[in-house]
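In the UniProt record's numbering, the protein residues as written are 1 to 252.
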Ligand SMILES: [Zn+2]
């Protein structure tokens, strides 16, 4: 069983640190090396592996400095996104071992075309695809691609822990409550999130089960969600509702 810790970076990024209790660790999407190096020093950890989900600078900005400090580090990232300095370029279905646990690579296009996720030990590291109560913006792909990527994640075991790369939950909940004001799970979750944030604690990881209760982008077949976008689109298929929701959220 791996242990995961959050290292806050920039305004609202999380760099996830995975360790094996034996002094070795991996980090996911180190956009900034400084807080990572401070954490490693404080906890006397060696950096063994860097996992990269996509090419945005707030996810890769610290890679070269970490590589300078740990020259043997393994750097795993997407074969279809332009990320410099990878030692292993990976894509859908490829496996990797991390401290004795098997991880599989998922292709999750939409936010960027080459975006990938890492799934293993009951944990999902999904970068900017799925957030708690929300999802990533569609920058490079199509809404249809993003929709397919989210469907892939929705089909994972419900107890899967979801480690998203940003603390957007409070903000996302405001949108979710505008879409589904009568969803009682949203009220309960908002109180929990408010408590956590009041103590500067992360609201992540979430779980697939939790997201199925509260995330409008995974609830496009619910009558209240469909009704909420009925004045914005004629296409009320799941993909059509998703597309309308995503567009609405972009300017919410
Ligand atoms: Zn991004």
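Ideal Cβ positions, reconstructed from N, Cα and C, are used throughout, including at glycine.
query, result
"Evaluate residue 158 with the Cβ neighbour count: other Cβ atoms within 10 Å of its Cβ, from every protein chain shown; 16 or more gives buried, anything less gives exposed.", "exposed"
"Hey, would you say the C-beta of residue 111 is under 7 Å away from at least one heavy atom of ligand 1?", "yes"
"Please return the same chain residues whose Cβ sits closer than 6 Å to the Cβ of residue 140, not counting the five positions on each side in sequence.", "112 and 113"
"Less than 7 Å between C-beta atoms, sequence neighbours within five positions excluded: which residues of the same chain meet that for residue 82?", "55"
"Taking 7 Å as the cut-off, is the beta-carbon of residue 221 closer than that to any non-hydrogen atom of ligand 1?", "no"
"Would you mind sorting residue 223 into buried or exposed? The rule is 16 or more other CB atoms within 10 Å of its CB.", "exposed"
"Suppose contacts are defined by Cβ-Cβ distances below 8 Å. Is residue 134 in contact with residue 249 by that definition?", "yes"
"Tell me which same chain residues have a C-beta within less than 6 Å of the C-beta of residue 254, skipping the five on either side of it?", "The question about residue 254 has no answer, for the chain in this structure spans 1 to 252."
"Please determine, among 243, 153, 145 and 143, the residue with the shortest C-alpha to C-alpha distance to residue 118.", "153"
"Just to check, is the beta-carbon of residue 43 closer than 7 Å to a non-hydrogen atom of ligand 1?", "no"
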